[in-house]
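Below you'll find the structure, written out as structure tokens, and then a few comments.
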Amino acid sequence: MKAWLFWYTFLARGFLALAYVLVAAHILSLIVARAPDSPRATHALNVNDKLTAADLQTDATAALVDNYLRAPVAPGKPVTGDNVSRTPIDSNITPSLAAIVTIKPKAREQFNISKGSKVRIVFSDTPQELAGVVADINCDKQFCSTIVGLAASPKQTFDAFNFSRATLVSDEATEPYSP
Amino acid sequence: MFGTVLDKLGSYFGQSFLLSRCFPWLLCLIVNLLIASIEFPQMRAFVEGEYAGATSTKAFDFVAALIAVGVLAYATSPIIQAMTEFLEGDWIGSPLGRLAAPFLVPFEAARRDRLNAEYRDIFDRRTKLPNTKRVIAQLRNDRAAGARLRRIVDVGAINDADSRFGEVMRHRWLNLEISPDTFKAFIDSLSRALRSNCADIANLDPGENAEEAERLAEIHNGTVEELTPFVLDFAEQMEFRARTKRDRDFARLELAPTRLGNSAAALRDYCDSRYGIAFEAFWPRFLLVVASKDDKLSGTIAASKIQLDFSILCFTLTVASLTGWAIVLWLWGRSLLTAVVVFVAGPALAWAWLRIVQSSYAAFADVARSATDLDRFELLDALHLPLPQRSDDEPAIWQRFSLLTLLSDKPTPVTYRNPVK
Numbered sequence: 000m001k002a003w004l005f006w007y008t009f010l011a012r013g014f015l016a017l018a019y020v021l022v023a024a025h026i027l028s029l030i031v032a033r034a035p036d037s038p039r040a041t042h043a044l045n046v047n048d049k050l051t052a053a054d055l056q057t058d059a060t061a062a063l064v065d066n067y068l069r070a071p072v073a074p075g076k077p078v079t080g081d082n083v084s085r086t087p088i089d090s091n092i093t094p095s096l097a098a099i100v101t102i103k104p105k106a107r108e109q110f111n112i113s114k115g116s117k118v119r120i121v122f123s124d125t126p127q128e129l130a131g132v133v134a135d136i137n138c139d140k141q142f143c144s145t146i147v148g149l150a151a152s153p154k155q156t157f158d159a160f161n162f163s164r165a166t167l168v169s170d171e172a173t174e175p176y177s178p
Numbered sequence: 000m001f002g003t004v005l006d007k008l009g010s011y012f013g014q015s016f017l018l019s020r021c022f023p024w025l026l027c028l029i030v031n032l033l034i035a036s037i038e039f040p041q042m043r044a045f046v047e048g049e050y051a052g053a054t055s056t057k058a059f060d061f062v063a064a065l066i067a068v069g070v071l072a073y074a075t076s077p078i079i080q081a082m083t084e085f086l087e088g089d090w091i092g093s094p095l096g097r098l099a100a101p102f103l104v105p106f107e108a109a110r111r112d113r114l115n116a117e118y119r120d121i122f123d124r125r126t127k128l129p130n131t132k133r134v135i136a137q138l139r140n141d142r143a144a145g146a147r148l149r150r151i152v153d154v155g156a157i158n159d160a161d162s163r164f165g166e167v168m169r170h171r172w173l174n175l176e177i178s179p180d181t182f183k184a185f186i187d188s189l190s191r192a193l194r195s196n197c198a199d200i201a202n203l204d205p206g207e208n209a210e211e212a213e214r215l216a217e218i219h220n221g222t223v224e225e226l227t228p229f230v231l232d233f234a235e236q237m238e239f240r241a242r243t244k245r246d247r248d249f250a251r252l253e254l255a256p257t258r259l260g261n262s263a264a265a266l267r268d269y270c271d272s273r274y275g276i277a278f279e280a281f282w283p284r285f286l287l288v289v290a291s292k293d294d295k296l297s298g299t300i301a302a303s304k305i306q307l308d309f310s311i312l313c314f315t316l317t318v319a320s321l322t323g324w325a326i327v328l329w330l331w332g333r334s335l336l337t338a339v340v341v342f343v344a345g346p347a348l349a350w351a352w353l354r355i356v357q358s359s360y361a362a363f364a365d366v367a368r369s370a371t372d373l374d375r376f377e378l379l380d381a382l383h384l385p386l387p388q389r390s391d392d393e394p395a396i397w398q399r400f401s402l403l404t405l406l407s408d409k410p411t412p413v414t415y416r417n418p419v420k
């Protein structure tokens with residue numbers, strides 16, 4: 000009697016465990032069927048409408064629309080939820096007194112200047128130099144425009160003409176620039 | 000740092016409320032928020048937005064969330080009592096309970112039988128061990144008999160005793176039980192070696208092997224001084240532990256459908272069998288008396304109750320969250336990761352919480368037993384009842400008190416002590 004009762008209990012518990020596994024499996028199958036989610040119409044669609052991408056929306060795209068990208072995405076690469084933000088991303092250039100200096104790509108290569116590099120602005124018509132950090136750099140085949148955040152206020156007045164004749168040298172560089 | 004913050008908050012809200020009511024809810028909300036962030040991208044974006052928001056906004060939202068948790072915790076406080084009663088198996092008398100009982104009670108009955116069998120087995124083994132004093136006396140007589148031979152007659156007997164001695168000493172070093180059969184076989188072997196050889200170098204005839212005599216003497220001394228007392232002491236300790244475990248886990252008669260229920264029954268049984276105290280009548284009044292008279296004991300009881308309530312609420316919220324998430328996943332679920340968390344990690348977590356609840360209850364019951372042992376007379380004192388002169392007077396006093404408070408039954412008038420002290 001005792002053994003029978005024990006096995007009855009054991010089987011009953013096993014039945015409950017099996018029921019749990021079946022329910023879990025059913026819910027898992029529902030989840031698998033739902034993903035990827037079927038696209039929904041963004042607006043009313045009629046017979047013979049030629050569908051465009053703008054007509055369709057999925058939960059995945061709906062979750063991304065109206066958000067702001069955190070980092071650039073190459074064509075064909077996925078846009079994930081981790082890469083978007085509800086608010087615009089803060090500028091990566093911190094507030095500072097800055098100067099824009101144009102240099103040649105060759106000079107950039109020689110001094111290995113990139114965003115964050117410590118540089119000095121060297122003028123052709125005055126011996127004073129300005130130290131700073133490259134906040135941004137934008138190159139084409141001929142020139143590189145660099146925004147240099149200045150470490151301190153200049154002690155003399157400079158104008159655009161001075162900067163048009165200035166170049167950059169890296170603080171780490173030892174060899175002089177030879178155009 | 001955490002302790003200071005806790006003390007400060009505790010002074011406003013009460014440490015018990017913070018630890019046993021608020022923290023489980025806080026933990027539950029954080030975990031549910033994380034699961035929601037996995038399942039719903041909108042929720043993830045919301046959390047990220049909150050995290051990246053301005054400090055003032057974050058601080059405001061955080062304070063608002065804490066207030067919400069506090070209100071929720073206060074409103075749902077009675078859940079703990081209800082859940083404790085549920086886990087103790089108080090539903091067993093209801094029609095549904097009678098239906099569920101066959102699924103639960105046999106396992107507890109089997110566990111009780113197993114503990115009883117373990118105890119009986121250890122008890123039997125202990126009773127089979129020879130008496131320590133008798134063994135020592137027998138070996139002393141054997142050695143004296145061997146000393147009269149004045150020579151080494153049977154080296155084989157010494158080797159046999161030495162080999163068995165090494166085996167039983169290995170058990171002793173590893174703190175393992177030595178079975179009665181092994182011990183008896185060793186004692187017989189040593190007895191034979193002592194009777195057939197002289198173990199006292201001073202009594203040896205010239206030319207006899209003194210090394211063998213010394214070896215035999217070392218075995219004899221080690222047996223008398225270390226091994227024999229250890230064997231019986233260890234067996235008695237094991238018997239005591241097995242009995243204590245059985246008495247801690249189960250009452251003598253009552254059998255509840257759950258482990259927690261049996262721990263509670265064992266606590267009630269302890270008070271009843273030792274002092275004749277009806278726990279239900281005694282404990283609530285005892286807590287009030289202890290709180291006013293003994294801060295340290297009251298603090299210890301409160302700490303173990305906080306631990307118990309914390310684990311019970313955590314278990315309850317885990318089960319409730321898992322049920323809720325199972326329904327959400329059934330209706331709207333899309334993430335397999337969430338499903339794995341809910342259906343695999345969730346039950347494992349709930350099981351872990353249940354074990355913690357059981358351990359916490361056992362710890363609480365230990366504290367309750369000790370508190371009853373130490374301070375039960377404080378309640379008699381507070382009730383102006385006479386203190387018992389002898390231990391066998393005590394049950395009658397507690398019985399009259401229980402009949403009066405629980406059943407309003409007044410069998411014999413009680414004479415109060417006035418004024419108290």
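Just so you know, the sequences run in chain order V and B.
Position one of the first sequence corresponds to residue 0 (numbering that gives the first Met the number 0), numbered consecutively onward.
Position one of the second sequence corresponds to residue 0 (numbering that gives the first Met the number 0), numbered consecutively onward.
Glycine is no exception: its CB is placed at the ideal position from the N, C-alpha and C atoms.
Computed from a prediction, not measured in an experiment: that's the story for all the values here.
Subject >> Contacts of L328 of chain B in chain V (Cβ-Cβ under 7 Å) >> reply: Residue 328 of chain B sits at position 329 when you count from the first residue of the second sequence. Listed along the chain, the chain V residues whose CB falls inside 7 Å of the CB of L328 of chain B are I26, I30.
Subject >> Contact list for G48 of chain B against chain V, beta-carbon separation under 9 Å >> reply: On the second sequence, residue 48 of chain B is found 49 positions in, with the first residue counted as 1. What G48 of chain B touches in chain V, judged by beta-carbon distance under 9 Å, is S84, R85, T86, going in chain order.
**OP:** Put D135 of chain V into one of helix, strand or coil per three-state DSSP.
**Re:** Along the first sequence, read from residue 1 onward, the residue named residue 135 of chain V stands at position 136. In the three-state reduction of the DSSP assignment, D135 of chain V falls in the strand class, which pools E and B.
Original post:
Would you report the Cα separation of K409 of chain B and P385 of chain B, rounded to the nearest angstrom?
Top reply: Stepping through the second sequence from its first residue, residue 409 of chain B is reached at position 410. Stepping through the second sequence from its first residue, residue 385 of chain B is reached at position 386. K409 of chain B and P385 of chain B: Cα-Cα distance of roughly 17 Å.
Original post:
With a cut-off of 9 Å, does the C-beta of P178 of chain V fall near any C-beta of chain B?
Top reply: By one-based count along the first sequence, residue 178 of chain V stands at place 179. With a pLDDT of 49 at P178 of chain V, under the threshold of 50, the modelled position of this residue cannot be trusted, and the question is left open.
Subject >> Close beta carbons around A216 of chain B, own chain, < 6 Å, minus the five adjacent residues each side >> reply: Residue 216 of chain B sits at position 217 when you count from the first residue of the second sequence. Within the same chain, A216 of chain B has close Cβ partners A198.
Original post:
Bridge partners of R258 of chain B, per DSSP?
Top reply: For the purposes of this step, residue 258 of chain B is identified with residue 259 of the second sequence, where counting begins at 1. For R258 of chain B, which the question treats as bridged, DSSP gives no partner whatsoever.
**OP:** Leaving aside the five residues before and after D204 of chain B along the sequence, list all residues of the same chain whose C-beta is less than 8 Å from its C-beta, in chain order.
**Re:** Position 205 of the second sequence holds residue 204 of chain B. Within its own chain, the residues whose Cβ lies closer than 8 Å to the Cβ of D204 of chain B, once the five positions on either side in sequence are excluded, are R149, R150, listed in chain order.
Subject >> F185 of chain B - containing alpha helix (DSSP H), residue span >> reply: If you number the second sequence from 1, residue 185 of chain B lands on position 186. According to the DSSP assignment, F185 of chain B belongs to the alpha helix (DSSP H) that extends over 179–195.
**OP:** Could you name the residues of chain B that L4 of chain V contacts, counting a contact when the two beta carbons are closer than 8 Å?
**Re:** The count along the first sequence starts at 1 and reaches residue 4 of chain V at position 5. By Cβ distance, chain B contributes P101, P105.
Original post:
From A2 of chain V to R110 of chain B, what distance separates their C-alpha atoms?
Top reply: Position 3 of the first sequence, counting from 1, holds the residue named residue 2 of chain V. Position 111 of the second sequence, counting from 1, holds the residue named residue 110 of chain B. One C-alpha to the other measures close to 13 Å.
Subject >> Buried or exposed (CB count within 10 angstroms, at least 16 for buried), T257 of chain B >> reply: What you label residue 257 of chain B is simply residue 258 of the second sequence in a count that begins at 1. Under this definition T257 of chain B is a buried residue.
Subject >> Residue burial classification, P178 of chain V (beta-carbon count within 10 angstroms, cutoff 16) >> reply: Your numbering for residue 178 of chain V matches position 179 in the first sequence. Residue placement at P178 of chain V is poorly supported in this model, since its pLDDT is 49, which falls under 50; the coordinates are not used for a value here.
**OP:** Please confirm if the segment 99–116 of chain B is in contact with the segment 21–28 of chain V, defined as three or more CB-CB distances below 8 Å between the two stretches.
**Re:** No, the segment 99–116 of chain B does not touch the segment 21–28 of chain V.
Subject >> L149 of chain V and L129 of chain V closer than 9 Å at C-beta >> reply: As a working note, residue 149 of chain V is residue 150 in the first sequence. As a working note, residue 129 of chain V is residue 130 in the first sequence. Yes, they are a contact pair.
Subject >> Positions along the segment 25–43 of chain B whose CB lies within less than 9 Å of some CB in chain V >> reply: Per Cβ criterion, the list reads F39, P40, Q41, R43.
Original post:
Mapping DSSP to helix, strand and coil, what is T414 of chain B?
Top reply: Within the second sequence, residue 414 of chain B is the residue found at index 415, counting from 1. It is coil, neither helix nor strand.
Original post:
For the segment 116–130 of chain B against the segment 233–249 of chain B, are there 3 or more C-beta pairs whose distance is under 8 Å?
Top reply: Short answer: they touch.
Subject >> Range covered by the beta strand (DSSP E) that runs through K117 of chain V >> reply: Working through the first sequence from its first residue, we reach residue 117 of chain V at position 118. Taken as a continuous stretch (DSSP letters only), the beta strand (DSSP E) holding K117 of chain V covers 117–122.
**OP:** Identify whether L96 of chain V lies in helix, strand or coil by the three-state DSSP scheme.
**Re:** Here the question's residue 96 of chain V lines up with position 97 in the first sequence. It is coil, neither helix nor strand.
Subject >> Local Cβ density within 10 Å of W24 of chain B, reported as buried at 16 or more and exposed below that >> reply: As a first step, residue 24 of chain B is located in the second sequence; it is residue number 25 there, counting from the start. It counts as buried.
Original post:
Alpha carbon to alpha carbon, how far is L193 of chain B from V152 of chain B?
Top reply: Along the second sequence, read from residue 1 onward, the residue named residue 193 of chain B stands at position 194. Along the second sequence, read from residue 1 onward, the residue named residue 152 of chain B stands at position 153. Rounded to the nearest whole angstrom, the C-alpha separation of L193 of chain B and V152 of chain B is 10 Å.
Original post:
Ordered along the chain, which non-local residues of its own chain (more than five positions away) have a Cβ less than 7 Å from that of M42 of chain B?
Top reply: Residue 42 of chain B sits at position 43 when you count from the first residue of the second sequence. So the qualifying residues of the chain are A35, S36.
Original post:
K132 of chain B: which of B:S195, B:R191, B:T222 sits nearest, CA to CA?
Top reply: The sequence position of residue 132 of chain B within the second sequence is 133, counting from 1. Nearest option by C-alpha distance: B:T222.
**OP:** Tell me, please, whether the CB atom of T58 of chain V is closer than 9 Å to any CB atom in chain B?
**Re:** Mapped onto the first sequence, residue 58 of chain V falls at position 59. Checking the sequence shown, residue 58 of chain V turns out to be Asp, not Thr. At least one chain B Cβ lies under 9 Å of D58 of chain V.
Original post:
Taking buried to mean at least 16 other C-beta atoms within 10 Å of its own C-beta, is V93 of chain B buried or exposed?
Top reply: Translated into positions along the second sequence, residue 93 of chain B becomes position 94. In the sequence on display, residue 93 of chain B carries Ser and not Val. A residue is called buried when at least 16 other Cβ atoms come within 10 angstroms of its Cβ; S93 of chain B does not meet this threshold and is exposed.
Original post:
How about T317 of chain B and A349 of chain B: do their beta carbons lie closer than 9 Å?
Top reply: Along the second sequence, read from residue 1 onward, the residue named residue 317 of chain B stands at position 318. Along the second sequence, read from residue 1 onward, the residue named residue 349 of chain B stands at position 350. Contact: yes.
Original post:
Can D170 of chain V and R107 of chain V be called in contact, C-beta distance under 9 Å?
Top reply: Taking the first sequence and counting its residues from 1, the one referred to as residue 170 of chain V is at position 171. Taking the first sequence and counting its residues from 1, the one referred to as residue 107 of chain V is at position 108. For D170 of chain V and R107 of chain V, no; Cβs fall outside 9 Å.
Subject >> Per-residue burial, A8 of chain V [other beta carbons within 10 Å of its own, 16 or more giving buried] >> reply: If you number the first sequence from 1, residue 8 of chain V lands on position 9. Per the sequence presented here, residue 8 of chain V reads as Thr, with Ala not at that position. Buried, since its Cβ has 16 or more Cβ neighbours within 10 Å.
**OP:** Would you decide whether V104 of chain B is buried or exposed? Buried here means 16 or more other CB atoms lie within 10 Å of its CB.
**Re:** Residue 104 of chain B sits at position 105 when you count from the first residue of the second sequence. Per the 10 Å Cβ criterion, buried.
Original post:
Just how far apart, CA to CA, sit M168 of chain B and D271 of chain B?
Top reply: Counting from 1 along the second sequence, the entry for residue 168 of chain B is found at position 169. Counting from 1 along the second sequence, the entry for residue 271 of chain B is found at position 272. So the alpha carbons of these two residues sit roughly 43 Å apart.
**OP:** Could you tell me the distance, in whole angstroms, from the CA atom of V46 of chain V to the CA atom of A40 of chain V?
**Re:** On the first sequence, residue 46 of chain V is found 47 positions in, with the first residue counted as 1. On the first sequence, residue 40 of chain V is found 41 positions in, with the first residue counted as 1. In a straight line, the C-alpha of V46 of chain V is about 13 Å away from that of A40 of chain V.
Original post:
Hey, does F342 of chain B have any beta-carbon neighbour from chain V nearer than 9 Å?
Top reply: In the second sequence, counting from the first residue as 1, residue 342 of chain B sits at position 343. For F342 of chain B, at least one C-beta of chain V is nearer than 9 Å to its own C-beta.
Subject >> Three-state secondary structure assigned by DSSP to R39 of chain V >> reply: In the first sequence, the residue the question calls residue 39 of chain V occupies position 40. Under the three-state reduction of DSSP output, R39 of chain V falls in the strand class.
**OP:** Leaving out five residues on either side along the sequence, give the residues of the same chain with a beta carbon under 6 Å from the beta carbon of I91 of chain B.
**Re:** Locating residue 91 of chain B in the second sequence gives position 92, counting from the first residue. Taken in chain order, the residues that qualify are A100, P256.
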